[in-house]
Structure formats: C-alpha cells, structure tokens
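In the numbering used here, the protein residues as written are 9 to 493.
Glycine is no exception: its CB is placed at the ideal position from the N, C-alpha and C atoms.
Everything below concerns the one structure shown next.
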C-alpha cells in the first residue's frame with residue numbers, strides 16, 4: 009500500500025484490523041525483510057523502495073545517560089537501532105513499521121527505530137522521531153550500565169532485577185534519592201533555542217498522528233512538570249493533543265497526581281496553572297514519568313527528580329523554566345511552557361489509540377493549555393509512543409517494586425512478571441509447600457493490585473518470563489477446580 013488511494017480501496021473492499029492495515033505498507037515489508045539488527049543500521053529510501061546500509065560501529069555512551077541522545081547512541085552501539093531516512097507518515101508508514109518490527113522480532117526483541125525525516129500533512133518535516141527506545145530486553149540492563157548476557161535475554165533481565173532489588177533492599181524498600189542540582193542557564197542544552205510570541209508554532213515540529221483513527225497529532229511522550237505549595241513538585245506523562253500552533257490538550261485524569269494539583273489550585277481560587285512539558289527526557293526521567301514506581305505517602309512531598317538521580321547514581325541537572333519557577337531537566341530536547349486555564353470552558357479531546365491496542369474514546373470535557381514559550385536543543389529529537397504496539401518503558405524497576413511490596417504478604421514468592429505485552433495479566437511463581445498456597449497467593453495479589461485482572465501462579469521451576477513455559481504449566485498442572493477463584 010503506497011498511498012492514501014490504495015488505503016481507501018482496501019477499506020472499501022473489506023474490513024481490516026489496524027494491524028492488518030498498517031503492516032501492509034510497502035516500506036514496512038521491504039525494510040524489515042531486508043534488515044536484521046546490526047549496529048548502526050540505516051534504511052534509506054530509493055524512490056518507493058528501501059535499502060539497508062551499515063555504518064561503522066561507534067563507541068557507546070555509558071551510563072548514567074545525561075541526555076536522550078546519549079541513550080540512543082548506546083542503543084546504536086549495541087545493535088539495537090534501525091534508522092530510516094524518509095518516512096511518509098501521511099500513509100502511516102512509521103506506525104506500520106513498528107507493528108511489523110514487533111511481528112518480525114518479537115515484543116521484547118524489537119529494536120528502536122529512528123526516522124530522520126517524516127512526511128506530515130503533505131510536507132517533509134525534519135526529525136528525527138524515535139520509536140521503541142526502551143523495548144528490547146537488553147535495555148533493562150544497559151540503562152544501569154550492566155552488560156547484557158550474550159544470547160540469554162531472561163538472564164539479562166534478571167541481572168537488571170538483581171541490581172534494582174539490591175538498591176531497594178539497601179534503602180528500606182524504596183528507590184534512593186539524590187537531589188537535583190541547578191545549573192547556569194547558558195549550560196542548559198534545552199535553552200539553545202528560545203521561541204516566544206507569534207513565532208511559536210508547535211505544529212512545525214515532528215509530532216505525529218500515530219493511528220488513522222486518532223483525532224490528530226499528539227505530543228504523547230511529554231513529562232508534564234507542575235508544582236504545588238502542599239504536594240510539591242510532580243511530573244507525569246499525559247498525552248497532549250495538538251489543537252493549534254499555540255494550544256495543546258491536557259489529558260490529565262482523576263487518577264493522576266497532576267489532576268489533583270489542578271483541582272487543588274482551582275479550590276484555592278487560582279485562574280491558571282503554569283506547566284512545563286518536557287520532551288526528549290533522559291531515559292530514567294522518562295521511566296519515572298511513565299510508570300508508578302514512586303511511593304507517595306499522604307502529606308509527604310516527593311521530588312521525583314531526586315529519585316531519578318538516586319536510581320542512576322548521579323543528580324539530574326535542572327534549570328528554571330522561562331515563564332515560571334518550575335525546574336526542568338536541563339538537557340532535555342524540548343520544553344513547552346504554558347498555562348492551563350481553570351475558569352474557562354473545557355474542550356473535547358481524543359479519540360486516541362491506547363495501550364491495550366484499542367481506540368480510546370474521546371473525552372468530552374478536558375483541560376487544555378496555552379503555549380507561551382518553547383525552548384529546545386538545536387534540531388530537537390522527538391520521541392513518539394506507539395501505544396499498544398511496543399513496550400513503552402523498561403519494566404524491571406516496576407517488577408522489583410511489586411516484588412518488594414508483595415513479599416511480606418506472600419513470603420514464598422519466587423518471581424513475578426507483569427508484562428506490557430499482556431497488560432492486565434500477572435504471572436508469578438512460588439515455592440509451594442502445601443495445597444492451596446497458589447490460590448491464596450493469587451487472591452492476595454489480585455486484592456493488592458487492581459490492574460492485575462488475571463493472576464497466574466505457577467511452581468518455582470517455571471520461568472514466568474517465558475510465556476510458553478507458563479501456558480505449558482497451565483495445561484499440564486492446573487486443575488480448574490479447586491485452583492480457580
């Protein structure tokens with residue numbers, strides 16, 4: 009399928025799924041048929057086709073990674089990056105490639121992808137756009153400066169878990185903290201270019217419409233930084249629909265700390281709330297922004313940047329925003345500053361393709377933001393989330409947190425896996441010594457973790473990371489009665 013007319017013909021012909029529609033792009037089939045996963049691979053377009061060239065291996069940046077570019081450089085040096093010169097996103101080629109990559113390599117072995125130039129709304133926009141940057145098993149180790157175990161992804165993942173579990177054990181069941189440090193404005197990479205006033209136009213950057221049924225283009229990997237006089241600083245990843253050159257949607261929902269901050273400000277009578285949206289974060293800030301690994305205690309303020317610093321063993325360097333006192337990571341690719349009005353009308357947002365692989369419905373009344381300033385590195389890099397198609401972030405830190413929290417209630421717990429490839433299903437193994445322990449352990453987990461809609465408990469000899477081994481155990485050892493609740 010090479011153009012929109014072809015896509016229309018296909019839709020008129022027969023109903024197809026999103027996956028079927030997107031993975032039949034000519035680019036996706038040709039590129040991934042030709043490409044393996046060698047260091048510094050580049051896929052270039054030759055007219056309507058593609059070719060693969062190998063660049064010379066480069067020295068790998070090492071952990072801790074101060075910038076998003078350092079992290080991508082490490083992926084490149086470790087053979088975990090595929091690079092494409094020109095991608096037509098009007099035909100959803102990047103989306104098809106991500107689907108196709110997962111199909112070819114597997115959910116946990118698909119490489120990151122870099123799209124240097126992207127066609128958006130009929131025009132070529134300079135990127136790059138990065139996909140799947142924390143998808144591969146090996147990223148769980150590389151993020152902490154650990155060597156992957158050659159040929160054994162499960163051992164690599166467990167090496168990362170051992171590192172993180174030791175960190176938790178040494179710090180009373182929580183990740184350690186190292187306070188961020190403020191640096192001079194002229195040392196902050198995110199301040200290389202400053203855009204204000206009528207020059208602001210968020211649409212000229214390479215933010216994508218990822219799915220055909222999405223309402224439009226999104227900033228879907230931004231960490232929304234806020235500050236509250238009682239709750240302290242906070243940041244989280246909320247999708248932001250591009251509504252115009254100087255306007256973004258703000259999809260912060262009631263289960264988010266950010267939403268509670270908005271409502272607290274409204275209760276205090278404030279008319280607007282300043283926010284700074286950070287794009288192209290270092291990999292640990294991204295991880296914390298996108299997963300619930302920070303333990304919040306009522307009435308206790310937590311600086312999540314301090315946790316990022318503690319986890320990586322080096323403080324995050326910060327700088328003050330241009331239009332507020334909000335401190336942001338100094339070496340991010342871009343910072344989008346603005347104000348969220350609290351007394352104006354709410355606006356419709358969505359629909360948007362969500363993490364379960366289905367289209368999330370539109371929200372009839374959402375907050376939105378006026379953009380007042382954009383600062384960025386020269387030629388900023390954009391990270392795009394292909395939700396439901398890729399692993400969004402490394403998962404060993406979350407698995408270790410879950411194990412730490414569960415172990416006091418399930419003392420014979422051996423291992424757990426709460427994979428992003430099967431959202432809502434948790435696998436766990438126990439050292440079973442008596443009848444009924446498996447069911448009891450499963451009920452305990454289900455009670456503590458509502459996101460775990462299905463809990464599968466197996467014996468300690470079963471590798472919970474191996475889906476085939478788990479299903480084999482279910483078929484050969486499980487008796488639905490009485491071992492089901």
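Exercise. What number of angstroms, rounded off, separates the C-alpha of residue 421 from the C-alpha of residue 211?
Worked result: Position 413 of the chain shown, counted from the start, is the residue given in the question as residue 421. Position 203 of the chain shown, counted from the start, is the residue given in the question as residue 211. Looking at the two C-alpha atoms, the distance is approximately 50 Å.
Problem set entry | Assigned secondary structure, residue 478 (DSSP; H/G/I helix, E/B strand, else coil) | As a working mapping, residue 478 is identified with position 470 in the chain shown. Three-state DSSP puts residue 478 in a helix.
Problem set entry | Buried or exposed (CB count within 10 angstroms, at least 16 for buried), residue 234 | In the chain shown, residue 234 corresponds to position 226, counting from 1. When all chains shown are included, residue 234 counts as buried.
Exercise. Taking the C-alpha atoms as reference points, what is the distance between residue 479 and residue 466?
Worked result: Translated into positions along the chain shown, residue 479 becomes position 471. Translated into positions along the chain shown, residue 466 becomes position 458. Those two C-alpha atoms are separated by around 10 Å.
Problem set entry | Collapsed DSSP secondary structure at residue 73 in the structure displayed | Within the chain shown, residue 73 is the residue found at index 65, counting from 1. Residue 73 falls in the coil class under three-state DSSP.
For this session: Determine the DSSP secondary structure at residue 91, reduced to helix, strand or coil.
Result: Locating residue 91 in the chain shown gives position 83, where the first residue counts as 1. Correct three-state label for residue 91: strand.
Exercise. Within the chosen definition, does the segment 291 to 306 reach the segment 387 to 406 through at least 3 CB pairs nearer than 8 Å?
Worked result: yes
Problem set entry | Whole alpha helix (DSSP H) elements within the segment 134 to 172, 4-residue minimum | 147 to 150
Problem set entry | residue 326 - partner residues in DSSP beta bridges | Translated into positions along the chain shown, residue 326 becomes position 318. Paired residues: 190 and 337.
For this session: Look up residue 299 in the DSSP assignment and say whether it is helix, strand or coil.
Result: Residue numbering aside, residue 299 sits at position 291 when the chain shown is read from its first letter. Note: residue 299 maps to coil in three-state DSSP.
Exercise. Can you give, in chain order, each stretch of the alpha helix (DSSP H) that sits fully within the segment 259 to 288 and has at least 4 residues?
Worked result: 265 to 275
Exercise. What is the DSSP secondary structure of residue 404, reduced to helix, strand or coil?
Worked result: Reading the chain shown from its first residue, position 396 is the one you call residue 404. Correct three-state label for residue 404: helix.
Problem set entry | Range covered by the beta strand (DSSP E) that runs through residue 109 | Within the chain shown, the letter at position 101 stands for residue 109. Here residue 109 belongs to no beta strand (DSSP E); instead the alpha helix (DSSP H) covers 101 to 113.
Exercise. Under a three-way DSSP split, which group does residue 249 fall into?
Worked result: By one-based count along the chain shown, residue 249 stands at place 241. Strand, per DSSP.
Exercise. Buried or exposed: residue 206, going by 16 or more other Cβ atoms within 10 Å of its Cβ?
Worked result: Residue 206 sits at position 198 when you count from the first residue of the chain shown. Residue 206 comes out exposed.
Exercise. Helix, strand or coil: which one does DSSP assign to residue 210?
Worked result: On the chain shown, residue 210 is found 202 positions in, with the first residue counted as 1. Residue 210 falls in the helix class under three-state DSSP.
Exercise. Cα-Cα, which of 487, 81, 392 and 322 is closest to residue 288?
Worked result: Against the chain shown, residue 288 aligns to sequence position 280. Closest by alpha carbon: 392.
Exercise. How about residue 223 and residue 349: do their beta carbons lie closer than 7 Å?
Worked result: For this step, residue 223 is matched to residue 215 along the chain shown. For this step, residue 349 is matched to residue 341 along the chain shown. Taking 7 Å as the Cβ cut-off, residue 223 and residue 349 do not qualify as a contacting pair.
Problem set entry | Buried/exposed call for residue 488, threshold 16 Cβ in 10 Å | As a position in the chain shown, residue 488 is number 480, starting the count at 1. So residue 488 ends up on the exposed side.
Exercise. Does the count of Cβ pairs from the segment 116 to 125 and the segment 78 to 94 closer than 8 Å reach three?
Worked result: yes
Problem set entry | Start-end ranges of the alpha helix (DSSP H) lying completely within the segment 421 to 477, minimum 4 residues | 445 to 456
Exercise. Which residue comes first and which comes last in the beta strand (DSSP E) that contains residue 355?
Worked result: Walking along the chain shown from the start, residue 355 turns up at place 347. Run containing residue 355: 355 to 357, per the beta strand (DSSP E) assignment.
Exercise. For residue 84, which of helix, strand or coil comes out of DSSP?
Worked result: Here residue 84 refers to the residue found at position 76 of the chain shown. Of the three classes helix, strand and coil, the one that applies to residue 84 here is helix, per DSSP.
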